[in-house]
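See below for the structure under consideration.
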Amino acid sequence: QVRLVESGGGVVQAGGSLTLSCLTSGTTFSLDEMNWYRQAPGKQRELVATIANGGYINYADSVKGRFTISRDNAKNTVYLQMSSLKPEDTAVYYCWVRQGVINRDYWGQGTQVTVSS
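Residue numbering for the sequence shown follows our numbering, starting at 1070 and increasing by one per position.
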């Protein structure tokens, strides 16, 4: 059973930085795609950043130039470096991974990011 554990959330002032980590375990098959999502109170969950096999990386327009997604395959971890944070970045951030060969995907439990103005 694949397990995802996010960490790194917290409270930061506007303009500050945070780095989120998502440690995966139990991954018998390769993780073809790893994403970060976020959900603010009263809003739908939205895709923030994607990193996939072959070097594909993509970001939501709202975070381009401020957030960086990366992965360390040796550590089975995906990261989200967040800088120039804004109050509107406040949300619960979730890690999501997909094992394409068996067509399964998994969610982490989420980590709260709060940006104060």
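Built from N, CA and C at the ideal position, the CB exists for glycine as well.
Distance between beta carbons of residue j and residue i, contact taken as under 8 Å
| i | j | result |
| --- | --- | --- |
| residue 1102 | residue 1178 | About 19 Å separates the two Cβ atoms, so there is no contact after all. |
| residue 1116 | residue 1106 | 6 Å |
| residue 1119 | residue 1127 | 5 Å |
| residue 1084 | residue 1153 | 6 Å |
| residue 1072 | residue 1094 | 5 Å |
Cβ shell of residue i (< 6 Å), same chain only, five flanking positions each side left out
| i | result |
| --- | --- |
| residue 1170 | 1098 |
| residue 1135 | 1152, 1153 |
Burial state of residue i, where buried means 16 or more other Cβ atoms lie within 10 Å
| i | result |
| --- | --- |
| residue 1158 | buried |
| residue 1125 | exposed |
| residue 1080 | exposed |
Residues near residue i in its chain [Cβ-Cβ closer than 7 Å; skip 5 each side]
| i | result |
| --- | --- |
| residue 1104 | 1116, 1118, 1119, 1165 |
| residue 1121 | 1101, 1102 |
8 Å Cβ shell around residue i - same chain, five flanking residues per side excluded
| i | result |
| --- | --- |
| residue 1088 | 1077, 1148, 1149, 1150, 1151 |
| residue 1129 | 1115, 1116, 1117, 1118 |
Beta bridge counterpart(s) of residue i as assigned by DSSP
| i | result |
| --- | --- |
| residue 1174 | 1167 |
| residue 1160 | 1182 |
| residue 1147 | 1091, 1140 |
| residue 1079 | 1182 |
- [ ] Would you be able to state if there are at least three C-beta pairs under 8 Å between the stretch 1137-1146 and the stretch 1160-1172?
- [x] no
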